[in-house]
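Asker: For the sequence shown, UniProt numbering assigns the number 1 to the initial residue and increments by one for each residue that follows. Note that beta-carbon positions come from the ideal geometry of N, C-alpha and C, so glycine has one too. Please read all numbers here as calculations on a predicted model, not as lab measurements. Quick one: structure below, then a few questions.
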Amino acid sequence: MARNTTKKPTYRDLERKVMELNGQLAYVYAFASKDIAKASTDHLMASGVLLQLTVLGGREIIKPVVIRDGLSHETIEALKKDLARSFELATHYKP
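This is the structure in structure tokens:
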């Protein structure tokens, strides 16, 4: 009798998958686009933003690093454009 050798997903794997799926919901892009300005240098002088980039699937691209005094206005605008693009892609294809 052959045994099933597939591994059960760990709690951490399931938690990551839920976070990835929730992060792709259309309304999340709208809230993120509105709230991203709170990470600007106008709001975070003498503080910072913790940046970490992880691709879908869990592979870490950038380990956590602090950007002191917040994000520049150019970075905020670039992120807003990327969020708008992602929102369009999320709402373009409807099941």
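Where does Leu71 sit, in a helix, a strand or coil, going by DSSP?
Answerer: Strand at Leu71.
Asker: Residue ranges of each beta strand (DSSP E) run of no fewer than 3 residues wholly in the region 6-63, ordered along the chain?
Answerer: Listed in chain order, the complete beta strand (DSSP E) runs (minimum 3 residues) inside the region 6-63 are 48-54.
Asker: How big is the Cα-Cα spacing for His73 and Ala84?
Answerer: Taking the straight line from one Cα to the other gives about 16 Å.
Asker: Could you tell me whether the region 64-72 touches the region 35-55, where touching means 3 or more Cβ pairs closer than 8 Å?
Answerer: Contact between the region 64-72 and the region 35-55 is present, because at least three Cβ pairs lie under 8 Å.
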